[in-house]
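Asks:
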Amino acid sequence: MKRLGVLKIIQSFGKRAMFYLPLMITCRQFEDFIIDYLEDDLPARQKMVFELHLKVCRECRDYLAAYKRATEVTTRVGKGPELNDELPAVPDDFVKAVLMARKQAK
Amino acid sequence: MSRGDEVSVEAFVRQHSPWMLSVARRILRDDAAAEDSVQEAFLNAFNNIDKFEGRSSLKTWLHRIVVNRCLMTLRSSKRKAEEQLDEFMPQFDSNGCRIEDPWPQLLSADKICEQKQLSKVVAENIDKLPEKYRIVLQLRDIEEFSTAEVAKQLDLSESNVKVRLHRARSALKQMLEPVLRGHL
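What follows is the structure, given as C-alpha cells:
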C-alpha cells in the first residue's frame with residue numbers, strides 16, 4: 015500500500031519532471047540497461063533503478079514486453095525443422111563427396 | 080567409427096548431415112557454401128574424433144565444429160555493404176521519453192507460433208539485418224551459444240557482442256510488430 019503510494023507520487027510529477035527525482039532515469043538511459051538486465055549482469059543498485067523505471071513508465075514496459083516476446087519467438091522458430099525426417103533429404107552426391115574427401119585426406 | 084570402418088562412417092555422415100546442413104544454411108544463407116562448410120566440418124571431425132572427450136554430447140561437439148567452419152567461410156567471403164539499422168531503432172522525444180504505441184494486445188508466444196508462414200517471415204527479417212548484427216543474433220538467439228562463447232567465436236569483446244545483440248533484437252522487434260500484434 016505504502017509502495018503504491020510512492021509510485022503514485024512519482025507518477026504525479028509528470029514524465030519529464032519525474033526524471034529529475036533521485037533514482038529515476040530517462041527512457042533513453044533505460045534503453046542502455048536493457049541487455050545487461052536481461053543477461054542478469056546489472057549491479058543491484060542499477061537493477062533497482064531499472065525496475066523502478068519499469069514500474070512507472072508504460073512505454074518502456076510495453077516496449078520491453080514486445081522485445082522479449084520477439085526474442086522468444088525468434089528462438090523458437092529460427093531453427094526451422096530440427097528432426098531429420100522433417101529436414102530436406104541429403105543428396106547422395108553430397109554423402110559420396112564427403113566420403114571421397116575423407117579418403118583423399120588420409 | 081574411430082577405427083575408420085567405411086560403413087559406419089557413411090552411416091555417421093547420413094545421420095548428421097541433415098541437421099548440420101540446416102545449421103550451415105542458417106548461418107551462411109547459401110546452399111553451395113553450406114555444403115562446402117559441412118564437408119570441411121566432417122573432415123575436421125574425422126581428424127579430431129580421438130580428441131572428443133565426451134564432456135558434451137557428440138551433437139554439441141559437431142555443432143561447434145560446423146559453426147566455427149561456417150564463421151571461417153563468412154570471414155573469407157565478400158562482405159555486403161553495411162546498411163544502417165537506424166530506421167528500426169527505438170524512438171525518443173527531446174526529453175528522452177520513449178515513443179511507443181500502446182500494446183493493448185501482445186499475443187502469447189504460442190499464439191504467435193500458430194501463425195502460418197511465421198518461420199519464413201522471421202527468416203526474411205533476420206536476413207534484412209546487416210551482417211555484423213545478423214551473425215550475433217544467429218549465434219546467440221538461434222544457435223543458443225552464451226554471450227561469452229559468441230564473443231570468443233567472433234573475436235569480439237562481450238560488451239561489443241551485447242551492443243550488437245541489443246541492436247539486432249531491437250530491429251527485429253520493430254520488424255516483427257505486425258506478427259506480435261496479430262496483424263499478419
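Chains A and B, in that order, give the protein sequences. Each residue of the first sequence is one higher than the one before, counting from 15 in this note's numbering. Each residue of the second sequence is one higher than the one before, counting from 80 in this note's numbering. Where a beta carbon is used, it is the ideal one built from N, C-alpha and C, also for glycine.
1. Is the Cβ-Cβ distance between B:V145 and B:A188 less than 9 Å?
2. With a cut-off of 9 Å, does the C-beta of A:P57 fall near any C-beta of chain B?
3. Can you say whether A:G127 is buried or exposed, counting buried as having 16 or more other CB atoms within 10 angstroms of its CB?
4. Count the other CB atoms within 10 Å of the CB of B:I221; is the residue buried (16 or more) or exposed (fewer)?
5. Name, please, each residue of chain A whose Cβ falls closer than 8 Å to the Cβ of B:G175.
6. Whole angstroms are fine: how far does the CA of A:D50 sit from the CA of B:W182?
7. Express the C-alpha separation of A:F47 and B:V117 in angstroms, rounding to a whole number.
8. List the residues of chain A that B:K190 touches, going by C-beta distances under 9 Å, in chain order.
9. What does the alpha-carbon distance come out to for the pair B:M168 and A:K110?
10. Taking DSSP as the reference, what is the three-state secondary structure of B:F131?
11. State the Cα-Cα distance for the pair B:C176 and B:C149, rounded to the nearest angstrom.
12. Between B:H262 and chain A, is the shortest Cβ-Cβ distance under 9 Å, so that the two count as touching?
13. Among residues of its own chain, excluding the 5 on either side of B:L216, which ones have a beta-carbon nearer than 6 Å to its beta-carbon?
14. For the segment 79-95 of chain A, list every residue whose C-beta sits within 8 Å of some C-beta in chain B, in sequence order.
15. Apart from the five residues just before and just after A:L113, which ones in its own chain have a Cβ nearer than 7 Å to its Cβ?
16. Excluding the five sequence neighbours on either side, which residues of its own chain have a C-beta within less than 7 Å of the C-beta of B:Q253, listed in chain order?
17. Is there at least one Cβ from chain A nearer than 9 Å to B:Q232's Cβ?
18. Keeping to the same chain, check which residues put their C-beta closer than 8 Å to that of B:R110; ignore five residues upstream and five downstream.
19. Strictly under 9 Å for the Cβ-Cβ distance: is B:W98 near chain A by that measure?
20. Quick check on B:H245: buried or exposed, where buried means 16 or more other Cβ atoms within 10 Å of its Cβ?
21. Using the Cβ count rule (16 or more neighbours within 10 Å means buried), how would you classify A:H67?
22. Residue range of the alpha helix (DSSP H) that B:Q253 falls in?
23. Just the chain A side, please: which residues come within less than 7 Å of B:W140 by C-beta, in chain order?
24. Determine the DSSP secondary structure at A:I39, reduced to helix, strand or coil.
25. Tell me which residues share the same chain as A:L101 and place their Cβ nearer than 7 Å to its Cβ, disregarding the 5 neighbours each side in the sequence.
Replies: In short:
1. The residue you call residue 145 of chain B lines up with position 66 of the second sequence. The residue you call residue 188 of chain B lines up with position 109 of the second sequence. No; because the gap between Cβ atoms is not below 9 Å, this pair is not in contact.
2. As a working note, residue 57 of chain A is residue 43 in the first sequence. Chain B, which has no Cβ nearer than 9 Å to the Cβ of A:P57, makes this no.
3. Outside the displayed range of chain A (15 to 120) lies residue 127 of chain A, so it cannot be described from this structure.
4. By one-based count along the second sequence, residue 221 of chain B stands at place 142. Result: buried.
5. Sequence index remark: in the second sequence, residue 175 of chain B carries index 96 (1-based). Here the neighbours are F33, T40, C41, R42, Q43.
6. To locate residue 182 of chain B, count along the second sequence from 1; it is residue 103. To locate residue 50 of chain A, count along the first sequence from 1; it is residue 36. Rounded to the nearest angstrom, the two C-alpha atoms are 24 Å apart.
7. Locating residue 117 of chain B in the second sequence gives position 38, where the first residue counts as 1. Locating residue 47 of chain A in the first sequence gives position 33, where the first residue counts as 1. Cα-Cα distance, rounded: 38 Å.
8. Taking the second sequence and counting its residues from 1, one reaches residue 190 of chain B at position 111. Near B:K190 there are no residues of chain A at all, since even the closest Cβ is about 10 Å away, more than 9 Å.
9. Taking the first residue of the second sequence as position 1, residue 168 of chain B is located at position 89. Taking the first residue of the first sequence as position 1, residue 110 of chain A is located at position 96. Roughly 47 Å separates the two Cα atoms.
10. Counted from its first residue, the second sequence places residue 131 of chain B at position 52. Three-state DSSP puts B:F131 in coil, outside helix and strand.
11. Within the second sequence, numbered from 1, the residue matching residue 176 of chain B stands at position 97. Within the second sequence, numbered from 1, the residue matching residue 149 of chain B stands at position 70. Those two C-alpha atoms are separated by around 41 Å.
12. The residue labelled residue 262 of chain B in the question sits at position 183 within the second sequence. For B:H262, the answer is no, since every Cβ of chain A falls outside 9 Å of its Cβ.
13. Along the second sequence, one-based indexing puts residue 216 of chain B at 137. Correct list, in chain order: A247.
14. A79, A80, Y81, R83, A84, T85, E86, V87, T88, T89, R90, V91, G92, K93, G94, P95
15. The count along the first sequence starts at 1 and reaches residue 113 of chain A at position 99. Same-chain partners within the cutoff: there are none.
16. Counted from its first residue, the second sequence places residue 253 of chain B at position 174. Excluding sequence neighbours, B:Q253 sits near F167.
17. Here residue 232 of chain B is taken as the residue at index 153 of the second sequence, counted from 1. No, no contact with chain A.
18. The residue labelled residue 110 of chain B in the question sits at position 31 within the second sequence. The residue you asked about is not Arg; residue 110 of chain B is Asp in the sequence shown. R104.
19. Here residue 98 of chain B refers to the residue found at position 19 of the second sequence. Chain A, which has a Cβ nearer than 9 Å to the Cβ of B:W98, makes this yes.
20. One-based indexing of the second sequence puts residue 245 of chain B at position 166. Buried, since its Cβ has 16 or more Cβ neighbours within 10 Å.
21. Numbered from 1 along the first sequence, position 53 holds the residue referred to as residue 67 of chain A. So A:H67 ends up on the buried side.
22. Your numbering for residue 253 of chain B matches position 174 in the second sequence. From DSSP, the alpha helix (DSSP H) with B:Q253 extends over 237-254.
23. What you label residue 140 of chain B is simply residue 61 of the second sequence in a count that begins at 1. The premise fails here: B:W140 is roughly 17 Å from chain A at the closest Cβ pair, so nothing lies under 7 Å.
24. Along the first sequence, read from residue 1 onward, the residue named residue 39 of chain A stands at position 25. Residue state, collapsed to three classes: coil.
25. The residue given as residue 101 of chain A occupies position 87 in the first sequence. Excluding residues within five positions, the ones whose Cβ falls inside 7 Å are P95.
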